[in-house]
Amino acid sequence: MEHSLLVWLLPTLALVVGVAIGFLIARLVPNAAPNRTQRQLDDIQERFDNYQNEVVTHFNSTATLVKKLTQSYQEVQEHLAEGANRLALDEQTRQRLLAALHADAAQAPRERLTPPRDQEPPRDYAPKAPNAPGMLDEHYGLKK
1 MEHSLLVWLL PTLALVVGVA IGFLIARLVP NAAPNRTQRQ LDDIQERFDN YQNEVVTHFN
61 STATLVKKLT QSYQEVQEHL AEGANRLALD EQTRQRLLAA LHADAAQAPR ERLTPPRDQE
121 PPRDYAPKAP NAPGMLDEHY GLKK
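Reading the sequence shown from the start, the letters are residues 1 to 144 in full-length UniProt numbering.
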């Protein structure tokens with residue numbers, strides 16, 4: 001009887017000690033997997049924040065450049081208008097130059113070109129006489 005008690009007591013005691021040691025190790029050593037996942041999540045969040053900052057910077061720069069382009073275009077228009085007023089020899093020439101200058105600025109967008117309506121679209125079959133066999137007829141092209 002002592003022998004059977006010893007056979008059951010030692011493995012049970014070893015199991016309890018193993019569970020206790022595992023529990024202590026788990027409590028003392030931080031879990032690597034959640035920390036690694038958290039680091040990956042933080043890294044992805046940081047990259048996303050950097051990307052958003054780059055996008056905002058890009059569009060701010062683009063808006064600034066477009067504003068400068070618009071100002072330069074207006075300055076060129078004013079320069080040409082002043083030149084037309086100052087350099088034109090007569091009133092008729094001056095009016096034509098100013099009209100041409102303002103016509104380019106207010107030009108309407110072009111209309112799309114449309115194909116002529118009297119042309120027939122290409123056929124995807126060979127033309128045939130009214131009562132002649134078509135190309136898919138089994139006797140087509142055979143001599144009698």
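Think of the CB as a built atom: it goes at the ideal place given N, C-alpha and C, for glycine as much as any other residue.
Note that the structure is a prediction, hence the values are computed from the model and not measured.
Query	Result
Contact set for Arg86: own chain, Cβ-Cβ below 6 angstroms, skip 5 residues either direction	none
Nearest-angstrom Cα separation, counted from Lys68 out to Gln52	24 angstroms
Glu91 to Leu97 span [Cα, whole Å]	10 angstroms
Cα-Cα separation between Gln38 and Arg47, rounded to whole angstroms	14 angstroms
Residues of its chain near Arg27, where Cβ-Cβ distance is below 7 angstroms and the 5 sequence neighbours each way are ignored	none
Beta-carbon gap between Leu101 and Gln77 smaller than 9 angstroms	yes
Helix, strand or coil at residue 196 [DSSP, three-state]	Only positions 1 to 144 of the chain appear in the structure, and residue 196 is not among them; the question remains open.
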